[in-house]
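Trainee: Got a structure for you, written out below as structure tokens; questions coming shortly.
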Amino acid sequence: MASRILMEEPVCLVGNGADGELEVNPVALKILGGINQPLVVVAIVGLYRTGKSYLMNSLAGKRKGFSLGATVQSHTKGIWMWCVPHPRSPGHTLVLLDTEGLGDVEKGSTKNDHWIFALAVLLSSTLVYNSKGTIDQYAMEQLHFVSELTEHIKVKAQEEEDLEEDTEFVRFFPNFIWAVRDFTLKLEIEGKGVTEDEYLEHALKLKSGKTRERPP
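For the sequence shown, the working numbering gives the first residue as 1, with consecutive numbering after it.
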């Protein structure tokens, strides 16, 4: 019989150790090890203080769970995990991962941001990028980081082990959802109304002279 894990509140999955390096919480690993059901893992990333935790509580169907901050400082640290019954797929467990906000000026370095972002990509089956107002340059840079990450993992697998199954690993990267919250601008480009998808495609379009050439 498949086990069903009921967590009343989230636990830290990945945090910063005393030396500042990221480390995995053994309590969270034990919880995951006790789940025999298929997992649907949804991770959320984005700038700090943009309401990521609130959105994840909504996905869990709870008003409380992931801790919410009410100041200008980043509240969530590391990666927090909450395993709940999947609301639409009986016999499945929904694993929600709330991540530390990106771009916190108090950290002084983007190294931690990159590791948190990379772990969210690698652990999730669906990755939600949360932003507010509009699609800005910082968000575009983070999206570019995801695409670069897939290339690095593919190259590393080929160089180190040269096994065909390792190159297949990159096929299991998550579905990507961009949640643009509090969007108040008119969906118009050059005076013509556009859909949400068309707006995103326009934002992602490479500008003339900005394309990168891949090495032969």
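Backbone N, C-alpha and C define an ideal beta-carbon position, used for all residues, glycine too. This one's a predicted model, so the numbers in the text were calculated from it and none came from an experiment.
Can you tell me whether Ser131 is buried or exposed, with buried defined as 16 or more other CB within 10 angstroms of its CB?
Mentor: Ser131 should be labelled buried.
Trainee: Got a sec, what are the start and stop residues for the beta strand (DSSP E) Val81 sits in?
Mentor: Looking at the sequence itself, residue 81 is Met, so the reference to Val does not match. It spans Ile79 to Pro85 - the beta strand (DSSP E) in which Met81 sits, taken as one unbroken run.
Trainee: State the start and end residues of the unbroken beta strand (DSSP E) segment that holds Ile44.
Mentor: Unbroken beta strand (DSSP E) run through Ile44: Leu39 to Gly46.
Trainee: Give me the Cα-Cα distance between Leu64 and Asn175, rounded to the nearest whole angstrom.
Mentor: One detail in the question is off: residue 64 reads as Lys in this sequence, not Leu. Roughly 26 Å between the two C-alpha positions.
Trainee: At what residues does the alpha helix (DSSP H) containing Lys52 begin and finish?
Mentor: Element bounds for Lys52: Lys52 to Leu59.
Trainee: Provide the residue span of the beta strand (DSSP E) that contains Lys132, from first to last.
Mentor: Element bounds for Lys132: Thr126 to Lys132.
Trainee: Rounded to a whole number of angstroms, what is the C-alpha to C-alpha distance between Val84 and Ala203?
Mentor: The alpha-carbon atoms of Val84 and Ala203 are separated by roughly 35 Å.
Trainee: Would you kindly report the start and end of the unbroken alpha helix (DSSP H) that includes Asp197?
Mentor: Taken as a continuous stretch (DSSP letters only), the alpha helix (DSSP H) holding Asp197 covers Glu196 to Leu204.
Trainee: For Gly69 and Ala120, I'd like the C-alpha separation in whole angstroms.
Mentor: With a pLDDT of 46 at Gly69, under the threshold of 50, the predicted position of this residue should be treated as unreliable, and no value is reported.
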